[in-house]
Each structure stands twice: as C-alpha cells, then as structure tokens.
Amino acid sequence: MCGIVGYIGTRHAAPLLMQGLRRLEYRGYDSAGIATLENGSLFCERSVGHIDALKEKIGDQRPEGTIGLAHTRWATHGGVSEKNAHPHRACNDSLVIVHNGIIENYRELRAELQATHTFTSDTDSEVLAHLIEVEYQGDLRHAVARALKKVRGTYGVVVMHASEPERLIAARMGSPLVIGMGKGEYFVASDATPLLPYTKDVTYLDDGEIAELRRGEVRIYDLLEQSVQKNIHHIEWDDEQAQKQGYSHFMLKEIFEQPIVFRDAVRGRKIPEEGTAYLGGLNMSEPQMRAVSRVLFVACGTAYHAGMIGKYAFERLARIPCEVEVASEFRYRDCVLDENTLVFAISQSGETADTLAAVREARRKGAIVRGIVNVVGSTIARETDGGTYIHAGPELAVASTKAFTNMVAVILLYALQFGRLKHMSLAAGQEFLQAHFDISTKMEEVLQQNDEVARIAQRYVHYRDFLFLGRGINYPVALEGSLKLKEISYIHSEAYPAGEMKHGVNALLGPELPVLAVMTKNQLYEKMRSNVEEVRARGSKVILIATEGDTDARAIADDVIFVPQTIEALEPLLNTIPLQLFAYHVATLLGRDVDRPRNLAKSVTVE
Ligand code: AGP
333 MCGIVGYIGT RHAAPLLMQG LRRLEYRGYD SAGIATLENG SLFCERSVGH IDALKEKIGD
393 QRPEGTIGLA HTRWATHGGV SEKNAHPHRA CNDSLVIVHN GIIENYRELR AELQATHTFT
453 SDTDSEVLAH LIEVEYQGDL RHAVARALKK VRGTYGVVVM HASEPERLIA ARMGSPLVIG
513 MGKGEYFVAS DATPLLPYTK DVTYLDDGEI AELRRGEVRI YDLLEQSVQK NIHHIEWDDE
573 QAQKQGYSHF MLKEIFEQPI VFRDAVRGRK IPEEGTAYLG GLNMSEPQMR AVSRVLFVAC
633 GTAYHAGMIG KYAFERLARI PCEVEVASEF RYRDCVLDEN TLVFAISQSG ETADTLAAVR
693 EARRKGAIVR GIVNVVGSTI ARETDGGTYI HAGPELAVAS TKAFTNMVAV ILLYALQFGR
753 LKHMSLAAGQ EFLQAHFDIS TKMEEVLQQN DEVARIAQRY VHYRDFLFLG RGINYPVALE
813 GSLKLKEISY IHSEAYPAGE MKHGVNALLG PELPVLAVMT KNQLYEKMRS NVEEVRARGS
873 KVILIATEGD TDARAIADDV IFVPQTIEAL EPLLNTIPLQ LFAYHVATLL GRDVDRPRNL
933 AKSVTVE
C-alpha cells in the first residue's frame, strides 16, 4: 500500500521525510521518491527499489528547503519503474504531487489533457498533477479543490507549488491522511507512524476535506471551500501499535481491511450497463476468450481455496469446465493441456515456488497462462502473460485473510466476464452486479460481530479438535476456516463437504468434537440443515454460520453467527470472515504468536 509523508516547518525537510519513508516501509512498496522546495526551485528525486536506493540516487545533492513531500509506491496503474514512482510533476515543473488511491476516470481525463499536456508516466496519479496545473491561477488550494471536482475515485493527495513555499495542500477521499501538529511545524502522512517521533497530537482528515498546512497553522476546508473545525486527538500508540493502527495484530487489522480492499479490487472493473466486468490485464481478445474450452486454477494453501471457489463460480456463471489443482501436485503430473486451456496461477506473494513451477510447466505445454496475484512485479506476475492484481495491499500476517477475499473477488469478476461472452444473459449479469454492489457494506456488518465471535471463541477454546462443514461453494469456505484455525492456533481441525460425513467421518462425532457449519440460505440449505441435525444428534456442539432472519438456526445449534443474505456466488466473501475471526480469537486466547505462527513463512519460495 502506498505511503505518504509531507512536512512544513523550520527544520531541514529532507532528513525528516527520508526518516518518514523508512517508517512507512512496513506497508510494502516497490519504489520511492522525495521532493523539497527552496528559493522557488523544486528538488525531486525518485528511484525503484528500497529507500537506500533513493538515498544513493540523491547522493551528494543536498535537497534544501523546510517544506517537502515524499512517497513510497505500491504499483497499481503502471509498472514498477522510476517514471511511475511519485512525486509526479506537471508540465512546467512548478507543481508536484504525491497520491494514494485510484483515479477511476483517469483515462478520460488523460485523453482530454493529452493535446496540451505532456505525460511522462503511465500512472493515474500524474493526471491529477496536470489537472491541478490547469486549474492553477495563483492559489494552490483553489486549484486543488477545483481539480478534485473533476475526479472520480479515491485519493489521499499532497501538493506543493514552487511559487507557494509557505503552504502544503492535502486532500482526502477514501484514502486516509492524518495531520501531525508539531510546534511551528506540521506533518501530513498516510498513517500516524512517520509522525510519532515528532508529535502525538493529530487530526484525521475526513473524506471530502482539504487541509492547508502553513508554518504557523493548519486550516481545513470542505470541497466547497468552507472552513471546517476539527478535533485534535492525542495518540498513545508506540511504533508497532501505530503500524497496526490500533489493532492488536496485523492479522486482525487485515481482517478488518477487507471491505476497503474489496472495493479496491473491483473498482473500475465492473460495467453495470452491460452486466459484465472488464479485467484488462487478461490480454485476450473476445474471440480468444470464447475459444477457451477449459479453465484450470493452480495455487497453494489459501490461494488454492480461492481457486476452488473459482471452480464453482466458473462452471455456474461461465459454463466452462473448470478444475483446480494444488500446484505442488500439478507440476509433477502429466497434465493434459492445450492452447484452449486457460490456466490461472493464484498467489498472494507471487513468489510461491510450487505455483511458479506450475506456471512454467503450463507455459511449456502451450496453455494460456495468467496470474491472479497481489504483489506487483513479483515473479509470477512477470512470468505470466497477463492477469490481474488483486489490490489487497501488503499482507503482513502469515495467515492470509484479505488476499483470500480479494482473490475470490477477482475470480468472480472473471467468471462474470467469461459468462457474458458465452451463455449468460444481460439480466443475469446485471442481477449479479446488483448483488455485488453492497458486498463491502455487508462485510462491514459481518465485522461488527467481532465481539460476539470473540465470546463464542471463549466457549470453545479448550477443545483440541474441530470439524468444519460446508456444501457447494461453501465447502472451500469450510476448508479455509479450518486452515486458518490450524495455522494460527495449532489446534487440529478438518473440513469436509457435509454430504460426505456418512462415508466415514460421522464416526468422530461426539461431545469432544465441535462442528462449525456454514448453513446459509442457498440451493443446498435444506440438505445442509439435515446434515447439521445429524451432527447434533450425535452429540457434537454446533456453531452455525447462518443467514440473518433464519429463525430456525438457533434451534439446531449451540451458537450462531449471522451473516447478511446475498446471492450464492457471493456468499464466500461474507461467510469466510466469521471463520477468520473465530480462528483469530481462539489463537489469541491460547496466547499464540498470531502474526508469526510457528514453522510457517509468509512466502514459500522453496519447494
Ligand atoms: C495462508 O494462510 C497460508 N499462510 C498459505 O497457505 C498460503 O496461502 C500459501 O503458502 C500460498 O501463498 P501465496 O498465495 O503467496 O502463493
């Protein structure tokens, strides 16, 4: 996730900004840059790679000035390169910006500006610099306010102009910015971490607000340029707490980020009027897409579970035969592939050795190979001939949570896109997107039950085995819930498709084996309900994930976690969250090292 830091005061800005960038490193980044202003002249330097590479690039140049801004970039639009790194300048080299977020209408804006402006990067952010330049008539705050009215999307943006060395302008819409109140100096940053060595008094910008930071004061305005009064908060956090934004673990923070990063994953990728999606990175023409006769997902661990959901979704929505395979098996199997087989390699890190080997094997055999990857510029992203970034931002906890939901989010959009090119009607596509529209709000509703899930976890923490059950598209959800519990609590658990119980697993049921069952209202509800009743009859405690309003659920379970209703294809996006929370709370109650569980690594780069 990109990071921003800005400073105005009486001290030499560059060392403060460089230190700020280092404190933002935990967010993950692929390039960095800095700009300062002295005597009407802008210093600006950018570099791919670590902050040290930027420091080296700056070398003996001495960036002067007591005002400046800096950025760490996690690429979204445009590859990882120096020209795409921030800060971005407009044409006349007087104006410089750093930007977090995504400008959704940047293509249209760029097309309009292209006749009179020279673009030097592939980013959506640079468009904003040129837009502000167009609006600039000697007052930077007015220019920013006017330019932002033309923008659709999200931004946390900080702007500096060579003719206005006495102020920095910052604005927020959907991408956080916090202002640090020092003595005669002010800071602005994407989170509080870079500010903490200098001040713990902060003001959080809200969406639609513009801040003007001067050496003696900070003023905040709304987009209509009316003054807004804000409270100052005193932060008690230390560094690590600040990085976790007040959450006790990165895993919990990442679970709670799911509604936001889900929006990032789907933003600009839906076409409601055509009832379809468009994932440009696929690099396939419509005839090539229609010729796909088989889809194969290869992945490991959590990413494999996302692929299993993909199988259900692709066969249901796109009517294309689909398989999913653990990458470590695929790579050594004599898999039959041809030029009409589309292989998706799914990976958070983009570096998983087995998934990478599967990519190479599939390419060697002539399949079409694409990536569904989180880390921009990672090996799998580079070695596939296209694909889609899931935009989950850096995931630091070893147990994958937000990357999983974003993998599913992207796969579902692919299923829709392929479906609409084949059998799916406009009405069915629109119905899907209609249900899709409020998924992030529904995710927030699920997260509101965190305390209730914590109470339930307390009641079950002493058990040594658990069984997770699901059916249909919720079977992979059960598998994922079970994996989460195993990896962070070290408690044994298994997951089964509930219809399979009679064929052996029923023998395990009894008071010592609690069962978590996903029993939401879909086409398999009645079947699942019978399975749950059978489990209960054999003495196991039952925790249900059930649909809000299901009044029968309490009667057949010991505990119920309710989730909002949605269409079946989208259920995994909601149903997984309580299971992540359950695993988290059980693990913390047992005193486990939740973010760094024993024997596991975040990125498995060896076989
Ligand atoms: C998830 O919680 C795990 N830590 C693990 O299964 C992970 O999903 C797997 O190693 C694949 O990683 P990748 O997504 O980076 O390829």
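Residue numbering for the sequence shown follows this note's numbering, beginning at 333 and increasing consecutively. Cβ atoms here follow ideal geometry from the backbone N, Cα and C, with glycine treated the same way.
In this structure, how does DSSP classify His-474 when only helix, strand and coil are distinguished?
helix
One question on the structure: do Tyr-553 and Ile-564 come within less than 8 Å of each other, judged by their Cβ atoms?
no
Quick one: using the 10 Å Cβ neighbour count with 16 as the cut-off for buried, is Gln-749 buried or exposed?
buried
Beta-carbon proximity check, Gly-512 vs Thr-525, cutoff 8 Å:
no
Separation of Ala-461 from Ile-390, as counted between CA atoms:
23 Å
With three or more C-beta pairs closer than 8 Å as the rule, is the segment 751 to 766 touching the segment 789 to 802?
no
For the beta strand (DSSP E) containing Phe-750, name the first residue and the last one.
Where Phe-750 is concerned, there is no enclosing beta strand (DSSP E), although the alpha helix (DSSP H) it sits in stretches over 734 to 753.
Tell me, please, whether the segment 371 to 380 touches the segment 545 to 559 by the rule of three or more beta-carbon pairs shorter than 8 Å.
no
Got a sec: does the ligand AGP put a non-hydrogen atom nearer than 7 Å to the Cβ of Thr-687?
yes
Among Tyr-746, Ala-364, Ser-710 and Lys-816, which one has its Cα closest to the Cα of Gln-912?
Lys-816
Between the segment 770 to 787 and the segment 807 to 815, can you find at least three pairs of beta-carbon atoms closer than 8 Å?
no
The segment 438 to 455 touching the segment 514 to 523, judged by at least three CB pairs closer than 8 Å
no
Count the CB pairs spanning the segment 418 to 427 and the segment 362 to 374 that are closer than 8 Å, and state whether there are at least three.
yes
Do Lys-853 and Thr-879 count as a contact pair if the criterion is CB distance below 8 Å?
yes
Starting from Phe-375, follow the beta strand (DSSP E) in both directions and report where the run begins and ends.
373 to 380
Indicate the three-state DSSP secondary structure (helix, strand or coil) for Phe-451 in the structure shown.
coil
Restricting to runs no shorter than 4 residues, where is the alpha helix (DSSP H) found entirely within the segment 613 to 667?
618 to 622, 633 to 645 and 659 to 662
Grouping DSSP H, G and I as helix and E and B as strand, with all else coil, what is Glu-826?
strand
If you run the structure through DSSP and keep just helix, strand and coil, what is Lys-321?
Since the first and last residues shown for the chain are 333 and 939, residue 321 lies out of range.
With DSSP run on the structure shown, which of helix, strand or coil describes Met-492?
strand
Measuring only from the beta carbon, is Glu-819 closer than 7 Å to any heavy atom that is part of the ligand AGP?
yes
Counting pairs of Cβ atoms below 8 Å between the segment 644 to 663 and the segment 620 to 631, do you hit three or more?
yes
Enclosing alpha helix (DSSP H) for Glu-715 [first to last residue]:
711 to 715
Please determine, among Pro-829, Arg-868 and Ser-862, the residue with the shortest C-alpha to C-alpha distance to Glu-844.
Arg-868
Along the beta strand (DSSP E) that carries Ala-564, what are the first and last residues, could you check?
According to the sequence shown, residue 564 is Ile rather than Ala. Careful: Ile-564 lies outside any beta strand (DSSP E) and carries neither H nor E.
With distances taken between CB atoms, is the gap from Val-847 to Ser-872 smaller than 8 Å?
yes
I need the DSSP call for Leu-500, collapsed to helix, strand or coil.
strand
Could you check whether Val-668 and Gly-682 sit closer than 8 Å to each other, using their CB atoms as the reference points?
no
Are the segment 636 to 645 and the segment 603 to 618 touching, with three or more C-beta to C-beta distances below 8 Å?
no
Within 7 Å: the Cβ of Gly-935 and any heavy atom of the ligand AGP?
A small correction: the amino acid at residue 935 is Ser; Gly does not occupy that position in the sequence shown. Flag set: Cβ of Ser-935 near the ligand AGP.
For Ala-889, count the other beta carbons within 10 Å of its own beta carbon; 16 or more makes it buried, fewer makes it exposed. Which is it?
buried
Who are the near neighbours of Ala-422 in its chain, counting only those whose CB is closer than 6 Å to its CB and skipping five residues on each side?
Ala-461, His-462 and Glu-465
On the DSSP letters alone, give me the boundaries of the beta strand (DSSP E) that His-431 sits inside.
427 to 432
Residue span of the beta strand (DSSP E) that contains Gly-813, given as start and end:
Gly-813 -> not in any beta strand (DSSP E); alpha helix (DSSP H) instead, spanning 807 to 821.
Between the alpha carbons of Leu-745 and Gly-514, how many angstroms are there, rounded?
46 Å
With which residues is Ile-700 paired in a DSSP beta bridge?
Leu-674
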